[in-house]
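Residue numbers (my numbering), protein chains in the order written: chain U, 7 to 116; chain P, -4 to 107.
What follows is a short report on a single structure.
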Amino acid sequence: AQRVTQPEKLLSVFKGAPVELKCNYSYSGSPELFWYVQYSRQRLQLLLRHISRESIKGFTADLNKGETSFHLKKPFAQEEDSAMYYCALNSGGSNYKLTFGKGTLLTVNP
Amino acid sequence: GAGVSQSPSNKVTEKGKDVELRCDPISGHTALYWYRQSLGQGLEFLIYFQGNSAPDKSGLPSDRFSAERTGGSVSTLTIQRTQQEDSAVYLCASSLGLNTQYFGPGTRLTVL
Chain U
7 AQRVTQPEKL
17 LSVFKGAPVE
27 LKCNYSYSGS
37 PELFWYVQYS
47 RQRLQLLLRH
57 ISRESIKGFT
67 ADLNKGETSF
77 HLKKPFAQEE
87 DSAMYYCALN
97 SGGSNYKLTF
107 GKGTLLTVNP
Chain P
-4 GAGVSQSPSN
6 KVTEKGKDVE
16 LRCDPISGHT
26 ALYWYRQSLG
36 QGLEFLIYFQ
46 GNSAPDKSGL
56 PSDRFSAERT
66 GGSVSTLTIQ
76 RTQQEDSAVY
86 LCASSLGLNT
96 QYFGPGTRLT
106 VL
């Protein structure tokens, strides 16, 4: 069975500090990994997906199959990054179901 | 263009009543998904539609839950004889094929 673990429920950093939100997954095949973000009073939206290998809003995430991780990183956090972040896995191919982690609430303090 | 919309945004009901939640996907999106977001459980997959058919209903928590989709567009999630544990935010998402899922704002259901 596929599983996504986000070990930190809460993460608090100061503006300008580096931030890393951890995500580990369990899946035997070749997964697709995603990070979704939910800002206060807004809908859940895609932040980035590993196959795109792009940087969005300064965030990057690298899929490490050896460690089964997909940690989200940003070198200099901004106050507007404060939000709930969800890591999600799709088993790929013709599959469609997203399995989400329980989320990490990031607070960036001024 | 317009995103995924859901109605109502909030629903308060009494235990034992039936409720219907509606989802309007992005126009042209063939796939539609329902998820449930509850405290302590995170986001759980409920059901997936491809067109009007639901090849995977495995996430529906009990036979009190059902969903349908008509015309390859609007979907309705029905919960019969609601229980307090059904209280959650119900999210709908749609995608073009099996690509990125776009989420609606959700319906917050409170069962008293």
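Cβ atoms here follow ideal geometry from the backbone N, Cα and C, with glycine treated the same way.
Here the structure is a predicted model, which means the values were calculated and not measured.
- In this structure, the alpha-carbon of P:Gly37 lies about 20 Å from that of U:Asp87.
- Of the candidates U:Ile62, U:Leu17, U:Glu14, the residue whose Cα lies closest to the Cα of U:Leu53 is U:Ile62.
- The secondary-structure analysis by DSSP pairs U:Ala89 across a beta bridge with U:Leu112.
- With a threshold of 8 Å between beta carbons, U:Leu53 makes no contact with chain P.
- By DSSP's assignment, P:Cys18 forms a beta bridge with P:Gln1, P:Ser70.
- Between the C-alpha atoms of U:Gln51 and U:His77 there is a straight-line separation of about 18 Å.
- One Cα belongs to P:Gly66, the other to P:Gly46, and the distance between them is close to 8 Å.
- Interface residue (Cβ-Cβ distance to chain P less than 8 Å): U:Leu104 is classified as such.
- Counted as a single uninterrupted DSSP element, the beta strand (DSSP E) harbouring P:Ile42 occupies residues 37 to 45.
- Of P:Gln78, P:Pro20, P:Glu63, the smallest CA-CA separation from P:Thr71 is found for P:Glu63.
- A check of alpha carbon separations from U:Glu60 across U:Leu104, U:Val10, U:Trp41, U:Lys21 identifies U:Trp41 as the nearest.
- Shown here for U:Gly22: same chain residues with a beta carbon closer than 6 Å to its own, the five before and five after excluded, namely Phe82 in chain order.
- Pairing U:Ala94 with P:Ala49, the inter-Cα distance amounts to about 22 Å.
- With at least 16 other beta carbons inside 10 angstroms of its own, U:Arg55 counts as buried.
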